[in-house]
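**Student:** In our numbering, the protein residues as written are 4 to 336. Beta carbons are placed, not taken as given, at the ideal position from N, Cα and C, and that holds for glycine.
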């Protein structure tokens with residue numbers, strides 16, 4: 004059963020031809036029919052409201068049917084829509100019709116048999132256009148749902164550990180823990196200094212193997228209650244809490260630093276060594292306490308010195324770090 008409300012546009016510079024087509028379509032019960040006397044006029048109308056079926060004359064002044072089809076296809080991409088294009092032509096021969104199909108035309112009707120062929124082709128176009136637009140709509144819903152899932156996801160899709168959102172959530176919990184129990188916390192940020200070099204020389208797939216290897220090794224090196232996350236393509240973070248800040252010194256995390264830098268990672272192309280830099284920021288209950296985002300920003304800023312010196316760079320949080328100047332840090336081997 005045809006959808007009699009399907010939007011149809013007829014484009015023809017010959018008024019008599021448009022009237023005949025419109026009379027045939029209305030006689031079959033179609034209700035949503037628009038007319039344009041030129042390709043440019045049709046494009047203006049289609050930008051305001053798309054049509055599902057476009058019936059156009061192949062030969063028109065200023066812009067012919069093939070050029071119009073190309074413009075409609077570009078418009079369809081922007082609007083995530085599908086328009087079934089039928090050209091009316093007096094041309095004969097395989098070459099001309101092959102050109103039309105190559106340019107994106109879906110069907111054509113020879114003007115000599117238009118009275119007999121128009122409605123059957125419109126019925127076929129109705130089914131195809133409905134199916135294509137339904138698929139586009141379902142695909143858009145699927146993409147939107149995936150984006151929503153990614154937006155609310157807490158897991159890094161590559162390594163399976165927590166992602167940036169997961170890190171900020173747990174960092175906020177750690178800050179609340181420091182405030183309520185007068186405890187201390189420490190945020191460590193680890194950057195893979197030669198990540199881009201590995202990817203350029205070995206390829207993305209091999210780098211992904213290395214990144215997964217780093218995540219596994221960090222899970223083996225941290226304490227059971229510590230939180231490990233991947234906060235960037237080449238960056239990992241560790242959140243740890245303790246009753247006393249004396250526990251937090253660069254020497255306390257030397258085992259993690261050496262576990263990454265001194266032991267190569269096995270990949271499908273052999274063993275690959277990484278150069279990891281580490282910075283750490285110690286937080287005690289000294290108001291005002293930072294937000295999770297502020298603490299992460301400060302710790303990341305210190306990475307540059309770690310990259311330059313090859314040392315674990317450590318600092319104690321203080322409210323002055325929220326000022327424009329970067330925090331003073333202490334590099335310790």
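Check whether the segment 215-228 touches the segment 157-167, counting contact only when three or more Cβ pairs, one atom from each stretch, lie closer than 8 Å.
**Tutor:** Touching, yes.
**Student:** Comparing alpha-carbon positions, which option in 262, 235, 187, 202 lies nearest residue 224?
**Tutor:** Counting from one through the chain shown, the residue named residue 224 turns up at place 221. Ranking 262, 235, 187, 202 by Cα distance to residue 224 puts 262 first.
**Student:** DSSP three-state label for residue 117, please.
**Tutor:** Walking along the chain shown from the start, residue 117 turns up at place 114. Note: residue 117 maps to helix in three-state DSSP.
**Student:** Looking at C-alpha atoms only, which residue of 78, 193, 30 is the closest neighbour of residue 310?
**Tutor:** As a first step, residue 310 must be located in the chain shown, where it is residue number 307. Comparing Cα positions, the closest option is 193.
**Student:** Residue 292 and residue 181 look like a contact to me (Cβ under 8 Å); what is the Cβ gap, rounded to whole Å?
**Tutor:** If you number the chain shown from 1, residue 292 lands on position 289. If you number the chain shown from 1, residue 181 lands on position 178. Confirmed, about 7 Å.
**Student:** Please state the DSSP three-state secondary structure of residue 63.
**Tutor:** As a first step, residue 63 must be located in the chain shown, where it is residue number 60. In the structure shown, residue 63 sits in coil (DSSP, three-state: anything other than H, G, I, E or B).
**Student:** Given that a residue counts as buried once 16 or more other Cβ atoms are within 10 Å of its Cβ, and exposed if not, what is residue 31?
**Tutor:** The residue you call residue 31 lines up with position 28 of the chain shown. So residue 31 counts as exposed.
**Student:** Closest to residue 3 by CA distance: which of 184, 132, 29 is it?
**Tutor:** Outside the shown range of the chain, which is 4 to 336, sits residue 3, and nothing can be said about it.
**Student:** Am I right that residue 55 and residue 136 are in contact with their C-beta atoms under 8 Å? What's the rounded C-beta distance?
**Tutor:** Counting from 1 along the chain shown, the entry for residue 55 is found at position 52. Counting from 1 along the chain shown, the entry for residue 136 is found at position 133. Sure, about 7 Å apart at Cβ, within 8 Å.
**Student:** How do the segment 84-91 and the segment 33-48 stand: do at least 3 beta-carbon pairs fall below 8 Å, yes or no?
**Tutor:** No, because fewer than three Cβ pairs between the segment 84-91 and the segment 33-48 fall closer than 8 Å, the two stretches do not touch.
**Student:** Would you check if the distance between the CB atom of residue 298 and the CB atom of residue 286 is smaller than 9 Å?
**Tutor:** Position 295 of the chain shown, counted from the first residue, corresponds to residue 298. Position 283 of the chain shown, counted from the first residue, corresponds to residue 286. In this structure, residue 286 lies closer than 9 Å to residue 298 by Cβ.
**Student:** Rounded to the nearest angstrom, how far is the Cβ of residue 8 from that of residue 34, given a contact under 8 Å?
**Tutor:** Start at 1 with the first residue of the chain shown, and residue 8 comes out as number 5. Start at 1 with the first residue of the chain shown, and residue 34 comes out as number 31. The pair is a contact, with the Cβ atoms about 6 Å apart (cut-off 8 Å).
**Student:** Could you have a look at residue 251 and say whether DSSP puts it in helix, strand or coil?
**Tutor:** Working through the chain shown from its first residue, we reach residue 251 at position 248. Note: residue 251 maps to coil in three-state DSSP.
**Student:** Going by DSSP in three states, residue 226 sits in which element: helix, strand or coil?
**Tutor:** Locating residue 226 in the chain shown gives position 223, where the first residue counts as 1. Residue 226 falls in the coil class under three-state DSSP.
**Student:** DSSP puts residue 274 in a beta bridge; with which residues?
**Tutor:** Here residue 274 refers to the residue found at position 271 of the chain shown. According to DSSP, residue 274 bridges with 269.
**Student:** Okay, do the segment 196-215 and the segment 268-275 touch, 3+ Cβ pairs below 8 Å being the bar?
**Tutor:** Output reads yes: the segment 268-275 touches the segment 196-215.
**Student:** Residue 125 by DSSP, collapsed to three states: which one?
**Tutor:** Sequence index remark: in the chain shown, residue 125 carries index 122 (1-based). Helix.
**Student:** Between residue 223 and the ligand NAD, is the CB less than 8 Å from at least one heavy atom?
**Tutor:** The ligand content of the structure shown is nil, which means the ligand NAD is not present either.
**Student:** Leaving out the 5 sequence neighbours to the left and right, which residues in its chain are closer than 7 Å to residue 319 when beta-carbon positions are compared?
**Tutor:** What you label residue 319 is simply residue 316 of the chain shown in a count that begins at 1. Around residue 319: 285.
**Student:** Keeping to the same chain, check which residues put their C-beta closer than 6 Å to that of residue 17; ignore five residues upstream and five downstream.
**Tutor:** Here the question's residue 17 lines up with position 14 in the chain shown. So the list is empty, once near-sequence residues are dropped.
**Student:** Can you tell me which of 110, 189, 269, 312 puts its alpha carbon nearest to the alpha carbon of residue 288?
**Tutor:** Looking up residue 288 in the chain shown gives position 285. Ranking the options by Cα distance to residue 288, first place goes to 189.
**Student:** Out of 253, 121, 84, state which residue places its alpha-carbon closest to the alpha-carbon of residue 53.
**Tutor:** For the purposes of this step, residue 53 is taken as the residue at position 50 of the chain shown. When each option's Cα is compared against that of residue 53, the closest is 84.
**Student:** Taking residue 279 and residue 195 to be in contact with their CB atoms under 8 Å, please state how far apart those CB atoms are, rounded to whole angstroms.
**Tutor:** The residue you call residue 279 lines up with position 276 of the chain shown. The residue you call residue 195 lines up with position 192 of the chain shown. Confirmed, about 6 Å.
**Student:** Helix, strand or coil for residue 58, going by three-state DSSP, please let me know.
**Tutor:** Looking up residue 58 in the chain shown gives position 55. Residue 58 falls in the strand class under three-state DSSP.
**Student:** Under 9 Å, do residue 133 and residue 242 count as touching if we go by C-beta distance?
**Tutor:** If you number the chain shown from 1, residue 133 lands on position 130. If you number the chain shown from 1, residue 242 lands on position 239. No, the Cβ-Cβ distance between residue 133 and residue 242 is not below 9 Å.
**Student:** Helix, strand or coil for residue 233? Go by DSSP, reduced to three states.
**Tutor:** If you number the chain shown from 1, residue 233 lands on position 230. Residue state, collapsed to three classes: strand.
**Student:** Please name the residue, chosen from 114, 72, 247, 80, that lies closest to residue 104 on a Cα-to-Cα basis.
**Tutor:** Residue numbering aside, residue 104 sits at position 101 when the chain shown is read from its first letter. Here the closest residue by C-alpha is 72.
**Student:** Is the separation between the beta-carbon of residue 219 and that of residue 270 shorter than 9 Å?
**Tutor:** For the purposes of this step, residue 219 is taken as the residue at position 216 of the chain shown. For the purposes of this step, residue 270 is taken as the residue at position 267 of the chain shown. Against a cut-off of 9 Å, the Cβ pair of residue 270 and residue 219 comes out as no contact.
**Student:** Is residue 3 helix, strand or coil by DSSP?
**Tutor:** Residue 3 cannot be examined here, being either before or after the span of the chain that is shown, 4 to 336.
**Student:** Should residue 42 go down as buried or exposed, given a rule of 16 or more other Cβ atoms within 10 Å for buried?
**Tutor:** By one-based count along the chain shown, residue 42 stands at place 39. With 16 or more other Cβ atoms within 10 Å, it is buried.
**Student:** Hey, how far is the Cα of residue 312 from the Cα of residue 144?
**Tutor:** As a position in the chain shown, residue 312 is number 309, starting the count at 1. As a position in the chain shown, residue 144 is number 141, starting the count at 1. Taking the straight line joining both Cα atoms gives about 50 Å.
**Student:** Identify whether residue 15 lies in helix, strand or coil by the three-state DSSP scheme.
**Tutor:** By 1-based counting over the chain shown, the position of residue 15 is 12. Correct three-state label for residue 15: coil.
**Student:** If we ignore side chains and look at the alpha-carbon of each, how far apart do residue 60 and residue 138 end up?
**Tutor:** Along the chain shown, one-based indexing puts residue 60 at 57. Along the chain shown, one-based indexing puts residue 138 at 135. Roughly 28 Å separates the two Cα atoms.
**Student:** Considering Cα atoms alone, identify which of 62, 198, 176, 322 is closest to residue 114.
**Tutor:** Numbered from 1 along the chain shown, position 111 holds the residue referred to as residue 114. The shortest C-alpha separation from residue 114 is found at 62.
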